[in-house]
Structure formats: structure tokens, C-alpha cells
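Engineer:
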């Protein structure tokens, strides 16, 4: 709980500093946003790791094979990264780059879940 | 949670902004641009290491 409060405080602090500095130096606003992303992101990932290990234990207990659960895990990671990158580009006013980052995320997610799709396809072929 | 990085970057930003205004007011626009560039490079060096650490952390966490 305390981490969440700290992350909220750091984000608000970064936003105010960025807003203030952007008036004199436009680039520094983006720099501070990047710095806060790096610092708060690093702190946020440790609890996320605990959630993921618990989810993996649940999947193992529930009989879900590793090959099915791994793409899910990777898609979550890809989604986080591409979302962060796209929003940072949008902050800097580059909507085209943001769209490209989101496209990259989508392609990455699809690529990761390709083996899963093939497994479903073979299953269907077997039925027909 | 090392907040020092944010304060370091804010400090460099403020310093460069003040120097920038100082140089522009005294009629040296080119040097003002150089100072801004130097500030940008310093901040990027600070940041790149942190950003790569974040990406490595995400990579290892999600087994990407």
C-alpha cells in the first residue's frame, strides 16, 4: 500500500517539475517524464513479479501446460512496454510514433501467441 | 526507490534553463543553444542506463 502512495507522489512531483521546467526548456519536460517512468517502473515491477509467480503456481496446479501460459505472460509484458512507449511518444506530441509503438506491441503479441493459434488450428483440423 | 535520479535531472534542467536565459539575454544565442545541447547530452547519459535497467527487468520478469 505504501509503495502505491509513494509511486503516486513521485508521479505527481515529476509532472509538476516537468510542467514548470517545460516553460524554459521544452526537452526537460520529456526527460523528467522518462526519469519518473524508469524509477517508478522499477519499483512497481517487484510486486508484479510476486503476482506472476502466484499466477504461475495456480496455472501449474490447475493443469495448464507451460506452453499455454507462457504466451499469456509475454503478452502482458509486451502490452506494458508498448503502452508505456506509445504514451511517452504521445506526451512528446508525436502521435505517428505512438501509433507505430502500439502497432509494434500488437505485432509482438500476435507473434508470441502464434504457436497457440497453430495448436488450436490443428485441433480444429482433427475434429473436421 | 531512488528519487535522486529525478532530482538530479531536475537540477540539470533548471541549471540549463537559467544558463540558457542568461546567454540569450546577453546576446549569445549560439552558446545558449550549445549549453542546451550539452545539458541534453548529460541528462540522456543519466537516463539511458536507467531505462535499459528497466527494460532488462521487464524482460527477465516476463521471460520475453
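Residue numbers (the numbering used here), protein chains in the order written: chain A, 33 to 160; chain B, 341 to 404.
Ideal Cβ positions, reconstructed from N, Cα and C, are used throughout, including at glycine.
Using a Cβ-Cβ distance cut-off of 8 Å, determine whether residue 36 of chain A contacts chain B.
Structural biologist: Not closer than 8 Å to any Cβ of chain B, the Cβ of residue 36 of chain A fails to qualify, so no.
Engineer: Rounded C-beta distance between residue 133 of chain A and residue 145 of chain A? I'm assuming under 8 Å.
Structural biologist: Wrong, their Cβ atoms sit about 19 Å apart, outside the cutoff.
Engineer: Relative to chain B, which residues along the stretch 50-67 of chain A have a C-beta separation below 8 Å, given in chain order?
Structural biologist: Taking 8 Å as the Cβ-Cβ cut-off against chain B, the residues of the stretch 50-67 of chain A that qualify are 53, 56, 57, 59, 60, 63, 64, 66, 67.
Engineer: Just verifying my parser: in three-state terms, what is the DSSP assignment at residue 381 of chain B?
Structural biologist: Here residue 381 of chain B sits in helix by DSSP.
Engineer: Do residue 105 of chain A and residue 402 of chain B come within 8 Å of each other at the CB atom, strictly closer than that value?
Structural biologist: Taking 8 Å as the Cβ cut-off, residue 402 of chain B and residue 105 of chain A qualify as a contacting pair.
Engineer: Consult DSSP for residue 368 of chain B and reduce its assignment to one of helix, strand or coil.
Structural biologist: Reduced to three states, the DSSP call for residue 368 of chain B is coil.
Engineer: Select from A:77, A:102, A:79 the residue whose C-alpha is nearest the C-alpha of residue 88 of chain A.
Structural biologist: Residue A:102 is the option with its Cα nearest to residue 88 of chain A.
Engineer: Any Cβ of chain B within less than 8 Å of the Cβ of residue 83 of chain A?
Structural biologist: Not closer than 8 Å to any Cβ of chain B, the Cβ of residue 83 of chain A fails to qualify, so no.
Engineer: Just to confirm before moving on: does the CB-CB distance between residue 100 of chain A and residue 156 of chain A stay below 8 Å?
Structural biologist: Result no, Cβ atoms of residue 100 of chain A and residue 156 of chain A do not sit closer than 8 Å.
Engineer: In terms of residues, what are the limits of the alpha helix (DSSP H) holding residue 118 of chain A?
Structural biologist: 98-123 is the span of the alpha helix (DSSP H), which, as asked, contains residue 118 of chain A.
Engineer: Can you tell me which of the three DSSP states residue 60 of chain A falls into?
Structural biologist: Three-state result, residue 60 of chain A: helix.
Engineer: When you compare each of A:135, A:110, A:150, A:79 to residue 34 of chain A by their alpha carbons, which one comes out closest?
Structural biologist: Minimum Cα distance to residue 34 of chain A is reached at A:79.
Engineer: To the nearest angstrom, report how far apart residue 287 of chain B and residue 67 of chain A are at their CA atoms.
Structural biologist: What is shown of chain B runs 341 to 404, which leaves residue 287 of chain B out entirely.
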